[in-house]
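Residue numbers (our numbering): 170 to 615.
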């Protein structure tokens with residue numbers, strides 16, 4: 170922790186480069202909010218101590234299996250809630266799932282802690298990791314499966330984030346989610362996303378943290394200054410007509426999840442002490458692989474996945490063994506807790522940015538065909554008085570300029586609609602911004 174705080178102090182004293190786009194001022198937490206690498210290590214070691222957290226392992230044994238791990242995690246949330254005056258509501262979601270990796274069925278249980286914000290469930294941010302683990306055989310629920318990095322790292326990150334952010338109040342409701350059944354078929358993510366939809370939650374962002382705690386890559390290189398953020402462009406939740414509208418508007422790279430990824434990049438850029446390049450990967454997840462944010466995308470929620478800059482496949486889904494001088498297995502000693510603390514800090518800074526901002530406009534439209542000027546209009550957000558309209562030439566990937574405006578429309582003279590892209594973010598009185606809603610698409614189908 171001292172190392173991280175020293176970096177923060179040094180970078181805070183250094184001059185910062187100015188971008189063409191006026192993003193809010195740096196949002197990295199005060200030193201009292203800095204994630205503690207020692208705490209993160211303790212959480213991961215505790216998770217590993219349960220032997221296996223395979224979803225099919227014992228739900229009732231007091232010290233071994235996923236049931237014991239879930240009970241311990243719930244007790245941590247309850248402890249934090251007592252410390253913040255019962256600001257967290259701990260809840261378990263459960264449902265029986267059956268599939269090739271659970272042929273006899275299994276009760277999948279998600280452990281949640283809900284921190285209600287002033288906007289209630291009209292503005293919800295979910296931060297998640299999966300608590301289950303596995304070895305080489307996806308049906309082997311008896312062998313030791315430490316799951317330190319996959320996904321003890323994400324689970325520890327969520328718990329540490331709850332410990333720190335439960336001390337604060339937000340407009341958004343924050344849902345801290347530890348999901349089961351990921352290795353069996355993204356069942357915990359499915360249960361959470363379907364529950365959010367059924368309860369009418371307006372999910373502004375879903376941050377999935379899965380494999381976020383190692384820096385030694387499979388090829389032996391060390392990558393400790395980069396984190397990958399995966400996001401979809403064209404929305405899987407859109408129907409055919411909406412897909413055609415996106416194609417006609419040129420918005421293939423500007424779906425809500427891509428906008429969320431850009432927001433995370435902006436947060437990182439304004440917090441150089443984190444020393445984390447956000448590598449915005451323009452695909453929903455790793456090639457032919459998946460994670461618990463994908464069900465949220467199917468529900469139409471903006472959702473991304475954080476994953477280390479370079480994975481080490483010898484440590485993922487492996488029986489504990491040594492072959493030909495190579496050691497396999499996902500154990501604590503392969504992790505980098507300073508790195509994990511910085512990824513945690515990036516999650517915290519992102520939640521502080523979005524959680525203190527209003528929700529994003531649901532719709533933004535353009536007018537200006539056969540004209541030298543463009544008018545951008547949007548659906549007003551209740552209680553919001555100012556918005557920031559972003560623009561870029563449509564051969565550019567990232568926003569290059571912006572204008573802070575009041576009302577629900579803005580005219581841009583000598584900007585030809587054929588040549589420009591526009592987007593709109595809601596802005597709070599103290600400058601916190603929502604993700605950007607791309608202009609020119611139908612209202613979001615949520």
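Glycine included, each C-beta is placed from N, C-alpha and C at the ideal position.
Between the options, which has its C-alpha nearest residue i's C-alpha?
| i | options | result |
| --- | --- | --- |
| residue 519 | 430, 485, 406 | 430 |
| residue 214 | 202, 230, 242 | 242 |
| residue 605 | 432, 599, 542, 597 | 432 |
| residue 499 | 290, 543, 235, 322 | 322 |
| residue 593 | 587, 603, 599 | 603 |
| residue 562 | 289, 328, 585 | 585 |
| residue 570 | 496, 326, 559 | 559 |
| residue 554 | 587, 576, 515 | 576 |
| residue 203 | 536, 381, 507 | 507 |
| residue 380 | 302, 389, 422 | 302 |
| residue 422 | 437, 399, 377, 458 | 399 |
| residue 597 | 521, 539, 268 | 521 |
| residue 319 | 486, 284, 236 | 486 |
| residue 347 | 545, 326, 266 | 326 |
| residue 256 | 238, 279, 285 | 285 |
| residue 580 | 601, 516, 545, 588 | 545 |
| residue 254 | 219, 221, 338 | 338 |
| residue 529 | 583, 471, 517 | 471 |
| residue 531 | 410, 547, 495 | 547 |
Which partner residues of residue i appear in the DSSP bridge assignment?
| i | result |
| --- | --- |
| residue 414 | Beta-bridge pairing links residue 414 to no other residue. |
| residue 219 | Its beta-bridge partners do not exist; DSSP assigns none. |
| residue 473 | 376 |
| residue 262 | 279 |
| residue 589 | 562 |
| residue 446 | 395 |
| residue 296 | 345, 376 |
| residue 579 | 545 |
| residue 257 | 284 |
| residue 495 | 492 |
| residue 606 | 593 |
| residue 573 | 557 |
| residue 271 | 268 |
When you compare only the Cα positions, how much space is there between residue i and residue j?
| i | j | result |
| --- | --- | --- |
| residue 474 | residue 426 | 10 Å |
| residue 233 | residue 217 | 10 Å |
| residue 316 | residue 223 | 9 Å |
| residue 355 | residue 461 | 5 Å |
| residue 557 | residue 345 | 29 Å |
| residue 175 | residue 443 | Reliability fails at residue 175, whose pLDDT of 42 lies under 50, so the model's placement of it is uncertain and the value that follows must be treated cautiously. The straight-line gap from Cα to Cα measures roughly 11 Å. |
| residue 195 | residue 424 | Bear in mind that the predicted position of residue 195 carries a pLDDT of just 41, short of 50, making it unreliable; the figure below should be weighed with that in mind. Taking the straight line joining both Cα atoms gives about 25 Å. |
| residue 526 | residue 574 | 16 Å |
| residue 469 | residue 492 | 44 Å |
| residue 308 | residue 552 | 51 Å |
| residue 599 | residue 299 | 34 Å |
| residue 435 | residue 590 | 18 Å |
| residue 414 | residue 533 | 13 Å |
| residue 305 | residue 488 | 5 Å |
| residue 447 | residue 396 | 5 Å |
| residue 342 | residue 289 | 6 Å |
| residue 189 | residue 439 | In this prediction, residue 189 scores a pLDDT of 40, lower than 50, which makes its location untrustworthy; no coordinate-derived value is stated. |
| residue 205 | residue 358 | 27 Å |
| residue 564 | residue 263 | 47 Å |
| residue 363 | residue 229 | 26 Å |
| residue 540 | residue 610 | 20 Å |
| residue 449 | residue 477 | 12 Å |
| residue 608 | residue 578 | 11 Å |
| residue 292 | residue 375 | 11 Å |
| residue 373 | residue 360 | 18 Å |
| residue 237 | residue 231 | 5 Å |
| residue 371 | residue 351 | 23 Å |
| residue 244 | residue 314 | 22 Å |
| residue 266 | residue 417 | 40 Å |
| residue 566 | residue 349 | 36 Å |
| residue 368 | residue 583 | 45 Å |
| residue 459 | residue 494 | 31 Å |
| residue 207 | residue 330 | 14 Å |
Quick one: measure Cβ to Cβ for residue i and residue j, integer angstroms, because I've assumed they're closer than 8 Å.
| i | j | result |
| --- | --- | --- |
| residue 287 | residue 340 | 5 Å |
| residue 294 | residue 524 | 6 Å |
| residue 332 | residue 249 | 5 Å |
| residue 247 | residue 259 | 5 Å |
| residue 515 | residue 465 | No, residue 515 and residue 465 are not in contact; Cβ-Cβ is about 19 Å, not under 8 Å. |
For chain C, check one thing: does any of its Cβ atoms lie closer than 9 Å to the Cβ of residue i?
| i | result |
| --- | --- |
| residue 436 | Structure shown: chain C not included; a single protein chain is present. |
The region 387-407 / the region 451-463 touching (three or more Cβ pairs under 8 Å)
yes
So does the region 473-487 actually touch the region 501-517, counting three or more Cβ pairs closer than 8 Å?
yes
Hey, is the region 272-281 in contact with the region 506-517, meaning 3+ C-beta pairs nearer than 8 Å?
no
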